[in-house]
Structure formats: C-alpha cells, structure tokens
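All remarks here apply to the structure that follows.
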Amino acid sequence: MNIRDISIKCGNCDSYQTLTGFARREEWNVYTFECDHGRCDPAVTRTLVEVPRQIDDFARRDPDWRGGGKHGEFGGGSQEE
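Under the numbering used here, the first residue of the sequence shown carries the number 64, and numbering increases by one thereafter.
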C-alpha cells in the first residue's frame, strides 16, 4: 500500500486533507492528515491512518521522506535516515 494513492476528506468542511505527520507505533506506521486552509480545528478534524509496516510501501521506498528507508529497507522515522 502506498499512502500517496489514497485521499482523505474532512467530514467537517468536505475538503481534502494534507499529510502533516508520521510516527511509528509498534508494528504500525501512523500518518496524520489535517485540513490546511485554516477553517477547521485540527484537534477536532485531524485524521490518523494506521498502516501495518509490512505492507507500507511508501515508508519503505521513499528514502527522501522522513521515515522512509533506503533501497527498500524500513526507515526509523528520523530525519537522518
């Protein structure tokens, strides 16, 4: 699964949300999406998408993105990787 292949819409304003964060929780990669136009309160409309690490192609294959690994490896979520 590649997180860039899905769209997240806000249930409050019906606008598409933007990927704003990434974290790891045990065997899951957690992506945070928020509205970026300033009308919605992020504490209310923030969306968390949890993806099992084993099927998360985005974090594994994009070495330039924070959390991405190099050459198909899993990244650790730090800027240095």
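Glycine included, C-beta positions come from ideal geometry on N, C-alpha and C.
Small disclaimer: the values here were computed from a predicted structure and weren't measured.
Asked, Found
"Using DSSP with H/G/I as helix, E/B as strand and the rest coil, what is R116?", "helix"
"Can you check the region 77-114 for any alpha helix (DSSP H) of at least 4 residues that lies completely inside it and give the ranges in chain order?", "105-108"
"Rounded to the nearest angstrom, what separates T83 and D119 at their Cα positions?", "17 Å"
"Assign Q80 to one of two classes, buried (16 or more other C-beta atoms within 10 Å of its C-beta) or exposed (fewer than that).", "buried"
"Since I believe C73 is in contact with T108 (beta carbons under 8 Å), could you give me their beta-carbon distance rounded to a whole number of angstroms?", "5 Å"
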